Structure formats: structure tokens, C-alpha cells
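For reference, the structure is listed below as C-alpha cells.
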Ligand SMILES: Cc1cc2nc3c(=O)[nH]c(=O)nc-3n(C[C@H](O)[C@H](O)[C@H](O)COP(=O)(O)OP(=O)(O)OC[C@H]3O[C@@H](n4cnc5c(N)ncnc54)[C@H](O)[C@@H]3O)c2cc1C
């Protein structure tokens, strides 16, 4: 069975700045990392490969500029067997739908993996739309917020998913998309050998022609949404600072505050 893990390159969120004129993220000079939820997805794929003898190959896919190949190399260092980069100037300006379409084309070109593992969301765009849209475009079910996989065969998958008030066990036939949330797996540090192997690995690059994309469904042309305005979120609310430089006094003040405001609404 072929397994795909969709990995996204994201800027470190604590360093995000927004261009006030264009309303877009300033990516220049900002360190890029592998989206942490995608890293959980990779860990899940690797642990499934170890547990079930039916997985022959894990392929990491990303759509992005040429530099996004770095997240594919990191994915290979973390256990993926190969990396596929969907990259073409014509993909730029893609919204979630056009991104999902382009990734779906890449999955088809690379032989339609039976299990597609995504992060539950990207920490920059944060929409959590792409996995559901891939499931819609490719006509396969999506199992969201997966914590654990109880059973995996060539035909079906049984998972435990996390919802607001607890967990639920879900089963579906394959092919299927799953999304992985926090706490699913233990993150690992790749060995030096794994990192060296990753940097020597060949990355498959698919442009719009190789991926078999329709011109009208990619990039800005294929994007039904437009970003009208984007602003950083500021935390609001009353804030009282206990800045007396004395830990014990500050602690006592916070304790008294919490005791006085200790009702269910607070
Ligand atoms: C009108 C418009 C124009 C845009 N133009 C640009 C642009 O020019 N350049 C740009 O960088 N962004 C652009 N974006 C943002 C871009 O569309 C989103 O970053 C992208 O669709 C993914 O959405 P998200 O970050 O919310 O991912 P989510 O849906 O939150 O991601 C969930 C999971 O889906 C998978 N996934 C998501 N995106 C990718 C990817 N690219 N590769 C592999 N896996 C992925 C990952 O597994 C991820 O964990 C634009 C958005 C809009 C609305």
C-alpha cells in the first residue's frame, strides 16, 4: 500500500509580520519550518509502516516554491521514502481550493496513494480546509482529528478521533484522507545519517503539465476566494500587571485575585 503525507512549509508563527499595503505575509527573511501538525502526520505514517507490514512506501508531498523542497528533505529525514514537490509559477495565488486541486493532481500522477495523511491545520493559513477539499475533489472520505489508528488493512481503516467532548471510533473503506491533531504521536529527532540520506535523495518535481492540471483550476484563476483584508490578532481583555519584582508578593496577589474571582463564569 502507498501512503502519502501532505506536508506544508510554514513561517515560524512567532516571527510573522504582515505587509500593511498588500495584506500578505512578509515571508522574506523569515525562517521556514515544517508545519508541526504535518510532522505528527509523518510520525503516524512511520509508526503505521512499522506496525503493519502492508505499507510499501511513504511519499511526502508539498506544493510551494522551489525552496519548499527543504520540508520534503526534512520529511525524508523523519522517515518518508521520497518527496514530491508541486511547483510552478502558475500555482501562485492559489487559495485553499486551488491548493487542494493541485495536490489532488499530484496524488493522481504519483499513483493515487490509498491513505493520505494531513496535518489537522497549517499554523499559518490555519483554515483546516485543504484535507476536506482534497477528499471532495478526489471523492474519498475524510476522517478528521485522528488520535490513533486501531486497524489498517488493504480495504479499510478504523481510527479514534478527538472531538470537543471526547473521542469517537470511526471506520471507512480506503482510499481515505485522515487529519492528525496534537498529541497524536511522539516527535523524533532524526539521526545524522538520516539527515545526510535526506539531502542526497532525489526530489520529484511536478509542474502543472507533469501533474496534469487544468490551467483554469490552478493559481489565482482557479481560486474562488479573495483575501479582502488580513490583520494580526491581538489579545484583548483586562490585564493587571503584578510587577513588583518579588515572586512571593506577586504570587500572593495572584492567589487572592483567583480566590476572589473563583466562580464558574471566570
Ligand atoms: C485568494 C488567496 C490567495 C492566496 N495566495 C497565496 C500565495 O500566493 N502564496 C501562498 O503561499 N499562499 C497563498 N494563499 C494561502 C494558501 O491558499 C493556503 O496557505 C493554502 O491553501 C493552505 O491553506 P492553510 O494554510 O489554511 O492549510 P490547512 O488547510 O490549514 O492545512 C491542513 C493540512 O493540509 C495540508 N496542506 C495544506 N497546504 C499544503 C501545501 N501547500 N502542501 C502540502 N500540504 C498542504 C497539510 O497536511 C496541512 O497540515 C492564498 C490564499 C487565498 C485565499
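Numbering (the working numbering), first residue to last: 7 to 272. Beta carbons: idealized from backbone N, C-alpha and C, even for Gly. Every value quoted in this text rests on a predicted model; they were computed, and no experiment measured them.
Check	Outcome
Looking at residue 90 and residue 51, is the spacing between their C-beta atoms short of 7 Å?	no
In the DSSP assignment, what residue or residues form a beta bridge with residue 152?	167, 186
For the region 60-72 and the region 109-119, state whether three or more C-beta atom pairs, one from each stretch, are separated by less than 8 Å.	yes
Please state whether the Cβ-Cβ distance between residue 224 and residue 96 is less than 7 Å.	yes
Restricting to runs no shorter than 3 residues, where is the beta strand (DSSP E) found entirely within the region 38-109?	38-40, 63-69, 88-92
Within 10 angstroms of the Cβ of residue 230, are there 16 or more other Cβ atoms? Answer buried if so, exposed if not.	exposed
Going by CA-CA distance only, name the one from 246, 236, 54, 178 that's closest to residue 132.	236
Under the rule that 16 or more other beta-carbon atoms within 10 Å means buried, what is residue 185, buried or exposed?	buried
Is the beta carbon of residue 228 within less than 6 Å of some heavy atom of ligand 1?	no
Which two residues bound the contiguous beta strand (DSSP E) that contains residue 172?	172-179
Report the partner residues of residue 125 according to the DSSP bridge assignment.	186
Measuring only from the beta carbon, is residue 38 closer than 6 Å to any heavy atom that is part of ligand 1?	no
Which of the three DSSP states is assigned to residue 217 in this structure?	coil
Taking a contact to mean a Cβ-Cβ separation below 7 Å, would you say residue 116 touches residue 60 in this structure?	no
Residues in the same chain with beta-carbon distance under 6 Å from residue 152, minus the five sequence neighbours each way, listed in chain order, please.	165, 167, 184, 186
Give the range of the beta strand (DSSP E) segment to which residue 210 is assigned.	209-212
Spatial neighbours of residue 176 within its chain, please: C-beta separation below 6 Å, excluding the five flanking residues on both sides.	149, 165, 167
Is the Cβ-Cβ distance between residue 77 and residue 106 less than 7 Å?	no
Can you say whether residue 179 is buried or exposed, counting buried as having 16 or more other CB atoms within 10 angstroms of its CB?	exposed
Name the two residues that bound the continuous beta strand (DSSP E) containing residue 226.	Unbroken run through residue 226: none, as it is neither H nor E.
Going by DSSP, name the residue or residues bridged to residue 17.	38
Pull the bridge partners of residue 259 from the DSSP assignment, please.	Answer is none; residue 259 lacks a bridge partner.
Any chance the CB of residue 233 is under 6 Å from a heavy atom of ligand 1?	yes
Given this structure, state the Cα-to-Cα distance separating residue 45 from residue 255, to the nearest angstrom.	42 Å
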